[in-house]
Amino acid sequence: MSEKNDGANRDATKRSARERLQAERERQKTRDKRRRTMIVAAAVVGVLGLATVVGVIAANAGKGDKSDSAGPVVAPSGATGKDALAIQTGKPEAKSTLTVWEDFRCPACKSFEDNYRDTVHELEAKGLLKVDYHLVTLIDGNMGGSGSLKGANAAACAQDAGKFSEYHDVLFQNQPQEVDDAYGKNARLLELAGKVEGLDTPEFRKCVEDGTHNSWVAKSHEAFAAGNFRGTPTVLLDGKDIFSDQANPLTPQKLKEKVEAGAKGSGGAGAGAKGTEKETGKESGKDAGKDTGKGEAKASPSASRTASTASKGTPSGSGTRSGNTTGNGSSGD
1 MSEKNDGANR DATKRSARER LQAERERQKT RDKRRRTMIV AAAVVGVLGL ATVVGVIAAN
61 AGKGDKSDSA GPVVAPSGAT GKDALAIQTG KPEAKSTLTV WEDFRCPACK SFEDNYRDTV
121 HELEAKGLLK VDYHLVTLID GNMGGSGSLK GANAAACAQD AGKFSEYHDV LFQNQPQEVD
181 DAYGKNARLL ELAGKVEGLD TPEFRKCVED GTHNSWVAKS HEAFAAGNFR GTPTVLLDGK
241 DIFSDQANPL TPQKLKEKVE AGAKGSGGAG AGAKGTEKET GKESGKDAGK DTGKGEAKAS
301 PSASRTASTA SKGTPSGSGT RSGNTTGNGS SGD
């Protein structure tokens, strides 16, 4: 009888152990299922949260300063050239064409304008020269900010109002330090518009504040990059680079002679300065593009191109306002 009891007890113990093991397995399954459910739920919440953040970013993308937002390419009134990317001044029938690529934040561009402004305006007034201005945004890219873009847009808005030349000159005459993004503030651009009679109108203000021509400016900059130019300013006379030859630098007087010679039909612009043109042609043909982008140091993208020419001087009688420099430098911005 005792053996039977012992056997029964052992069987009961085994069943109890199996039952406990089975119960533990069921509990573990329940815990595993709960954990998987929580992981899936957390993942769903994470995805939904990410989608919400992306949605908020997308929704707010156009709610900031409208002048910084991309939009359709709207060329300013009267824009000319390929893809209407140039603003032309002077008389259309003028025989010689000066092509200038400029950035309103570029110190070397200011130097060029200060030294050649009077000569260019004189030649335009005589009907001998027309100028195609192309506006770019190199300094924004190298120094940060948006003054190049907004300044160019404001100049394009001035073109809509028939006041481009005057406002263009005002912007360069009042150019801030290269590291100062003053032109990134519409208020400053509108303030300077007050220096041009008849420019500060509701239409002009709306154009500036809306960034109406921002995409056009961006397209102009893309054309500049595609052209593999050395830097700003890039100055071409009838398609020939006349500004980058440091061995025989351009001066306002030389520019005047070239344009006047071209007007007389004596072999085209520059016939009166064959040596300069020969060297310039060599420069354009052999070396054009070699130095593109050189000197793009963020500390001062323009200084390296202007220092070597700061003491060359400008011939007397050239009609420049800043006679201590030819401005014959190109920003590697």
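Each residue of the sequence shown is one higher than the one before, counting from 1 in full-length UniProt numbering. Note that beta-carbon positions come from the ideal geometry of N, C-alpha and C, so glycine has one too. Treat the numbers as computed from the prediction; the structure is a model and nothing was measured.
Item to check | Alpha-carbon to alpha-carbon, Val73 and Ile242 | outcome: 31 Å
Item to check | Bridge partners - Lys240, DSSP secondary structure assignment | outcome: Leu237
Item to check | Continuous beta strand (DSSP E) stretch holding Ser148: start and end | outcome: Element bounds for Ser148: not the beta strand (DSSP E) but the alpha helix (DSSP H), Gly147 to Asp160.
Checklist entry - Helix, strand or coil: which one does DSSP assign to His121? => result helix
Item to check | Lys95 - DSSP class collapsed to helix/strand/coil | outcome: coil
Item to check | Own chain residues within Cβ distance below 6 Å of Thr234, not counting five before or after | outcome: Trp101
Checklist entry - In terms of alpha-carbon separation, which member of Pro107, Ser77, Glu93 and Ser96 lies closest to Gly231? => result Pro107
Checklist entry - Under the three-state reduction of DSSP, which class applies to Gln246: helix, strand or coil? => result coil
Next on the checklist: Whole angstroms are fine: how far does the CA of Ala125 sit from the CA of Asn60?
Outcome noted: With a pLDDT of 33 at Asn60, under the threshold of 50, the modelled position of that residue is not reliable, and the figure given next carries that caveat. Roughly 49 Å between the two C-alpha positions.
Item to check | Residues that DSSP places opposite Leu135 in a beta bridge | outcome: Glu102
Item to check | Through-space distance from Thr137 to Ala225, alpha-carbon basis | outcome: 10 Å
Checklist entry - Which one or two residues does DSSP pair with Thr201 in a beta bridge? => result According to DSSP, Thr201 bridges with nothing at all.
Checklist entry - With which residues is Lys110 paired in a DSSP beta bridge? => result Bridge partners of Lys110: none, in fact.
Checklist entry - Looking at C-alpha atoms only, which residue of Glu203, Val179 and Glu178 is the closest neighbour of Leu190? => result Glu203
Item to check | Given Gly265 as reference, the closest of Ala94, Lys206 and Ala152 once Cα atoms are compared | outcome: Ala94
Checklist entry - Can you name, in chain order, every residue of its own chain whose Cβ lies under 8 Å from the Cβ of Leu85, other than the five neighbours on each side? => result Ala75, Ala79, His134, Trp216, Lys219, Ser220 and Ala223
Next on the checklist: Can you check which of these residues, Gln246, Asn228, Glu257 and Ala247, is closest to Leu237 by C-alpha distance?
Outcome noted: Glu257
Next on the checklist: If I measure Cβ to Cβ from Gly81 and keep anything under 7 Å in the same chain, skipping five residues before and after, which residues do I get?
Outcome noted: Asp132
Next on the checklist: Quick test of your reading: Cys109 and Asp118, contact by CB under 8 Å. State the CB separation rounded to the nearest angstrom.
Outcome noted: That pair is no contact at about 16 Å.
Next on the checklist: Does the contact criterion of 3 or more C-beta pairs under 8 Å hold for the region 153–164 versus the region 195–214?
Outcome noted: yes
Checklist entry - CB Ala156 to CB His213, shorter than 7 Å? => result yes
Checklist entry - Mapping DSSP to helix, strand and coil, what is Gly90? => result strand
Checklist entry - Buried or exposed: which applies to Ala269, given that a residue is buried once 16 or more other Cβ atoms fall within 10 Å of its Cβ? => result In this predicted model, Ala269 has a pLDDT of only 42, less than 50, meaning its place in the structure is not dependable; the value taken from the coordinates is given anyway. Ala269 comes out buried.
Checklist entry - Do you know whose CA, among Ser165, Gln173 and Leu199, lies nearest residue 382's CA? => result Only positions 1 to 333 of the chain appear in the structure, and residue 382 is not among them; the question remains open.
Checklist entry - Between the region 181–189 and the region 138–150, are three or more C-beta pairs nearer than 8 Å? => result yes
Item to check | Burial state of Pro92, where buried means 16 or more other Cβ atoms lie within 10 Å | outcome: exposed
Next on the checklist: Once the 5 residues before and after Val170 are set aside, which same chain residues still bring their CB inside 7 Å of it?
Outcome noted: Leu192, Lys195 and Val196
Item to check | Rounded separation between Asp140 and Ala152 - CA only | outcome: 11 Å
Next on the checklist: Less than 6 Å separating the Cβ of Thr99 from some heavy atom of the ligand ATP?
Outcome noted: What this structure holds is no ligand at all, so the ligand ATP is not there to describe.
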